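Undergrad: Numbering (UniProt numbering), first residue to last: 1 to 379.
Here a beta-carbon is modelled for each residue, glycine too, at the ideal position from N, C-alpha and C.
A quick note: this is a predicted structure, and the numbers were derived from the prediction, not measured.
1) If you compare alpha carbons, which of 319, 278 and 253 is closest to residue 337?
2) Going along the chain, which unbroken runs of the beta strand (DSSP E) with 3 or more residues stay wholly within the segment 101-161?
3) If you draw a straight line from the C-alpha of residue 168 to the C-alpha of residue 123, how long is it?
4) Identify the continuous beta strand (DSSP E) that holds residue 94 and give its terminal residues.
5) Alpha carbon to alpha carbon, how far is residue 67 from residue 346?
6) According to DSSP, is residue 241 helix, strand or coil?
7) So does the segment 298-311 actually touch the segment 273-280, counting three or more Cβ pairs closer than 8 angstroms?
8) Taking the straight line between their C-alpha atoms, what separation do you get for residue 120 and residue 254?
9) As a quick exercise: from 350, 133 and 234, pick the residue whose alpha carbon is nearest that of residue 334.
10) Residue 378 and residue 355: beta carbons closer than 8 angstroms?
11) At what residue ranges does the segment 310-348 contain a whole run of the alpha helix (DSSP H), taking only runs of 4 or more?
12) Quick one: what does DSSP say residue 364 is sitting in, helix, strand or coil?
13) Leaving out five residues before and five after residue 83 in sequence, what residues of the same chain have Cβ atoms less than 6 angstroms from its Cβ?
14) Measure the C-alpha to C-alpha separation of residue 74 and residue 53 and round it to an integer number of angstroms.
15) What residue range is occupied by the uninterrupted beta strand (DSSP E) comprising residue 57?
16) How far does the alpha helix (DSSP H) with residue 226 in it extend, from its first residue to its last?
17) Indicate, with yes or no, if the ligand FMN has a heavy atom lying under 7 angstroms from the CB of residue 269.
18) From which residue to which residue does the alpha helix (DSSP H) around residue 47 run?
19) Going by Cα to Cα distance, which pick from 315, 352 and 103 is closest to residue 341?
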């Protein structure tokens with residue numbers, strides 16, 4: 001064959017292969033980043049309606065509320081490979097379910113490890129009768145989150161399988177099984193997490209229904225009942241080697257390690273060898289000795305033309321003051337001033353007679369303060 005013709009045919013074959021790849025995997029050509037915000041369009045669920053497989057949803061810092069089903073994330077079944085990531089990490093990007101009953105804060109019907117949830121604090125999810133109050137179902141990658149103070153029937157924090165890594169999973173509760181993690185079925189890899197002070201009748205730290213699970217280089221301590229429980233009961237073993245169990249003597253098992261002073265492990269858990277010091281930089285996690293003192297504040301609609309509703313939750317009972325100020329610091333109105341019990345409340349504010357501009361709502365209770373900017377628009 002003539003060298004020039006051979007070169008031309010080779011080039012045509014290369015172009016054909018590239019075209020086939022782009023047709024089969026359009027996300028390689030169209031992948032985009034969608035920004036979302038806590039107090040304007042689009043929020044996180046709205047951003048998912050704009051996303052295609054391969055896209056990244058990048059969440060701006062702030063407090064995202066998930067106390068209603070329309071504010072919770074239902075991962076689209078037909079486009080599983082989406083990355084949901086915070087812009088600046090879990091300290092500044094919080095999703096709060098306000099302990100309102102419903103579905104998990106983030107739920108999957110089907111996914112794979114190309115679906116990613118990364119860099120959020122996810123708290124106060126409440127999913128009675130469901131699996132996973134914070135994150136439920138599927139086989140996503142759950143990375144670098146703080147998942148705390150959630151409650152469900154099974155899987156207080158996470159229920160599912162996939163890759164769970166570099167998370168702080170603490171103070172979660174399950175009414176039946178798996179205070180921190182409830183997993184089984186397909187392969188689950190759980191590594192480099194801190195799983196501490198979670199509660200459940202079975203498997204306070206992690207309750208696993210299949211031996212097809214690997215837990216390694218985690219800090220597992222302070223959990224009620226079992227730090228890790230293999231609910232399947234054999235014949236296969238859960239691979240839980242090279243974890244820190246809260247004490248250099250290792251986990252406690254009455255038959256295989258009766259001298260262990262760490263979290264309890266069930267039978268059919270392969271925990272030996274274990275770490276005698278924390279496997280990762282152990283985060284400052286202590287048992288709770290007093291109620292959490294974080295106030296949650298959510299104002300909707302915002303911006304507003306007239307009436308707007310101020311939603312807030314109080315972790316403790318006490319003397320509460322709710323006031324609105326203009327940007328110069330002058331008091332505009334006081335909506336509540338008195339003692340009320342802990343719980344979830346709302347106040348209606350009529351801003352229709354005010355000039356357009358920015359105002360600040362301030363909620364204070366027993367030394368804790370939360371503020372939120374409100375935009376008032378004239379019709």
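TA: Working from what's here:
1) Among 319, 278 and 253, the Cα nearest to that of residue 337 belongs to 319.
2) Runs of the beta strand (DSSP E) lying entirely within the segment 101-161 and spanning at least 3 residues, in chain order: 106-108, 116-118, 121-123, 126-131, 141-143, 146-148 and 151-154.
3) Approximately 12 angstroms between the Cα atoms of the pair.
4) Residues 93-96.
5) Across the structure, residue 67 and residue 346 are spaced so that their CA atoms are roughly 13 angstroms apart.
6) Reduced to three states, the DSSP call for residue 241 is coil.
7) No, they do not touch.
8) About 38 angstroms.
9) That would be 350, whose Cα lies nearest to the Cα of residue 334.
10) Contact: yes.
11) For the segment 310-348, not a single whole alpha helix (DSSP H) run of length 4 or above is found.
12) Note: residue 364 maps to strand in three-state DSSP.
13) If we look at residue 83 and ignore the five residues flanking it on each side, its Cβ neighbours are 56 and 116.
14) So the two alpha carbons sit approximately 15 angstroms from each other.
15) Per DSSP, residue 57 belongs to the beta strand (DSSP E) from 56-59.
16) Residue 226 -> not in any alpha helix (DSSP H); beta strand (DSSP E) instead, spanning 226-230.
17) Questions concerning the ligand FMN fall outside what the structure shown contains, since it holds no ligand whatsoever.
18) Residues 44-48.
19) Closest in alpha carbon position to residue 341, among 315, 352 and 103, is 315.
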